Amino acid sequence: MKIGIVVETDRCRRWLLHLAELIKTSQSAEVVYQLKEPSASVSRELKTALQLEGRILGTDPTSGMSDLDRSNLPQIGGKETELVFDLTASGSGSTGSKTFEVRYNGVRGEEALFAALMTKGTPFIEIVDLQTGTVAASGTASFEAAKGLRGAMDAVFSRVAVLIKKVVEGSHAHGTPMKTEVSQAVTQKQVLSRMLREAAVTLIRSVYRAFFFTSHWRVGWRFVDGEGVAGTRDLSGEPWHVLKSPHNTFFADPFPIEKDGRFFLFFEALPHDTQKGVISMVEMTKDGPVGEASTVLEEPWHLSYPFVFERDGEFWMIPESSTNKEVVLYRAARFPGQWERHTVLLSGVEAADATIIEYEGRFWMFAVTRNGVGGYSDCLSLYYADDMFGPWQAHQKNPVLVDDRAARPAGRFFSQGGDLWRPVQDCRNGYGAALAFARVDELSPTTFQQSVHETLTPGPLWPGRKLHTLNKVGDLEVIDGCTYHPKSELAAKTKAFFNR
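Numbered continuously in my numbering, the sequence shown closes out at residue 1648.
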């Protein structure tokens, strides 16, 4: 199979190499390029923005937005292509069995993406089948790994590559394209305003990091009757208590479990000086934690999101180990404090927050996956198996979802009214900024559909900046969130005193 990519001569960017590699790795397809003279040159505004940002944030020659010598792109010439993907602003007119356009908020071309990012934030990406007039694939990119405008464009292009790959694999959707927006040109004033904001934010962040720990998470807990947050769809009810952590360590990703009427809480503990998470545990009662939290699982690599569960009288855990590119099942050799590595469920996969459910006779694993580029929270991949220990098979349409608002798991599944629900992270305003509830509407080896309902954000009932995990077992309900935490222990104690 030959895949054609249509691109303007002055927009040969490094991300096109990633696109070609992704397609080749997936389908063993040959990727060739048709270079077109641009209908309009790269705008002065985009050039200015990238140049000024380079002075503020520095430049990265490996960035997907870096210019690429066109000689590095094998050209179509007389070769016939079976599928053509047009990245240009003018439209293709290319020949091929099928031609697709890439659109950002309904508009073609790199300048449309630039305008969307400058004025409206994360754009909606569509791969439109020109033969049928339908959307073959669509999604939104997460920006938690993005640095400035260039990083945001990198993140979007990385997900354009994923969506094109899905179309090449035949994983088509058949939606109606969004209405084409009037794409207003970005002005020099807007560019200068944004760059001034970026410079100010960069300065503020450097000052902040001098006095505060970044991304300091904390765990909230309470004992409640009934369904709790899953039932009320808000944070009301019994007040939330904060699980006390050492001054220089944050707690996150809480997972409670009950054994013989006792409650045990597992969570990620991350010392700020090492930036490497371990799995900790503490017993919980209505009066609070019993003693101090202790480390129950540590590896040479980062661990988090300790998805812990009971099955057939034994206790199991799947902590996130995406930096080691594997999903591993651990067994409690002696519950709750001693765990041993049991089975590698997936290897060679950068999968985060693996969450398992047994549904209609199969085991299903939900996780967000990444190929080393782009965000960490927008590509939902599914795997299924007849046995918990595997072998696990990838869903035919992976990633089944490219969506920064509803892809990443945020805790255990729960049943309600005969429906299966999953808490999900809403990352459109940043990683872990909010939590939503997604109902699973279709789930099979060839299909997946979900619908997103209520979204929760921090507020008076749970002060702080973020909210990204929800779990409940018995009467014990837990959440987490991010807060401002001074590096000075005295300042932290003073802050805590006035917040009482």
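Ideal Cβ placement from N, Cα and C applies to all residues, glycine included. As the structure is a computational prediction, the values presented were derived from the model and not from experiment.
- Going by DSSP, L1165 is part of the alpha helix (DSSP H) stretching over W1163 to Q1175.
- Within the stretch 1542-1593, the complete beta strand (DSSP E) runs of at least 3 residues fall at 1562-1564, 1567-1574 and 1582-1591.
- Burial is judged here by how many other beta carbons sit within 10 angstroms of a residue's own beta carbon; Q1541 has fewer than 16 and is exposed.
- Distance between K1392 and R1366, taken at the CA atoms: about 8 Å.
- Taking the CA atoms as reference points, F1561 sits about 10 Å from F1514.
- Here H1616 is buried, its C-beta having at least 16 other C-beta atoms within 10 Å.
- P1571 counts as buried, since no fewer than 16 other beta carbons sit within 10 angstroms of its beta carbon.
- By alpha-carbon distance to L1340, the top candidate from M1266, P1437, W1388 and R1353 is M1266.
- Scanning the stretch 1393-1478 for uninterrupted beta strand (DSSP E) segments of 3 residues or longer gives 1397-1407, 1410-1419, 1426-1433, 1436-1445, 1452-1459 and 1462-1468, listed from N- to C-terminal end.
- By the C-beta density criterion, N1220 is exposed, having fewer than 16 other C-beta atoms within 10 angstroms.
- Check the Cα spacing between M1213 and each of Q1223, E1201, P1222 and D1551: the tightest is with E1201.
- Per DSSP, the unbroken alpha helix (DSSP H) holding T1380 starts and ends at V1377 to T1380.
- Under a 10 Å Cβ-count criterion, R1159 is classified as buried, with 16 or more other Cβ atoms of the shown protein chains found around its own Cβ.
- Excluding five sequence positions before and after S1189, the CB atoms of its chain that fall closer than 8 Å to its own CB belong to D1158, given in chain order.
- DSSP places T1247 in the strand class (E or B) of the three-state scheme.
- With respect to the C-alpha of T1282, the residue from K1268, R1357, T1247 and G1296 having the closest C-alpha is T1247.
- Two segments are said to touch when three or more pairs of C-beta atoms, one from each, lie closer than 8 Å; by this definition the stretch 1391-1406 does not touch the stretch 1344-1360.
- The Cβ-Cβ distance between R1459 and M1343 does not fall below 8 Å.
- The three-state secondary structure of A1284, taken from DSSP, is strand.
- Comparing alpha carbon positions, the residue from P1547, L1494 and R1381 closest to G1287 is P1547.
- Judged by DSSP secondary structure, A1300 falls within the alpha helix (DSSP H) whose first and last residues are G1296 to V1316.
- Rounded to whole angstroms, the separation of the alpha carbons of T1443 and F1403 is 14 Å.
- Less than 8 Å separates the beta-carbon of L1383 from that of L1604.
- In this structure, Y1478 sits away from D1401, with a CB-CB distance that is not shorter than 8 Å.
- Taking R1518 as the centre and dropping the five residues before and after it, the same chain places the C-beta of E1498 and Y1524 closer than 6 Å to its C-beta, in chain order.
- Look at Q1279 here: in three-state DSSP terms it is coil, with no helix or strand label.
- Nearest Cα to A1333 within the set R1353, E1258 and F1399: E1258.
- Taking a C-beta distance under 8 Å as the contact criterion, L1445 and P1419 do not qualify as a contact pair.
- By the 16-neighbour rule on beta-carbons within 10 angstroms, I1312 is buried.
- Separation of D1421 and Q1338 (C-alpha to C-alpha, rounded to the nearest whole angstrom) is 39 Å.
- For A1480, the closest of M1429, D1589, A1293 and P1387 by C-alpha to C-alpha distance is M1429.
- Three or more beta-carbon pairs drawn from the stretch 1608-1626 and the stretch 1406-1417 are found closer than 8 Å, and the two stretches are therefore classed as touching.
- For the pair L1494 and Y1531, the CB atoms are nearer than the 8 Å cut-off.
- In this chain, the beta strand (DSSP E) harbouring S1363 covers F1360 to F1371.
- Residues G1385, E1386, D1623 and E1625 of the same chain have their beta carbon placed closer than 7 Å to that of V1372, with the five preceding and five following residues left out of the count.
- Counting only the Cα atoms, L1216 lies some 10 Å from P1209.
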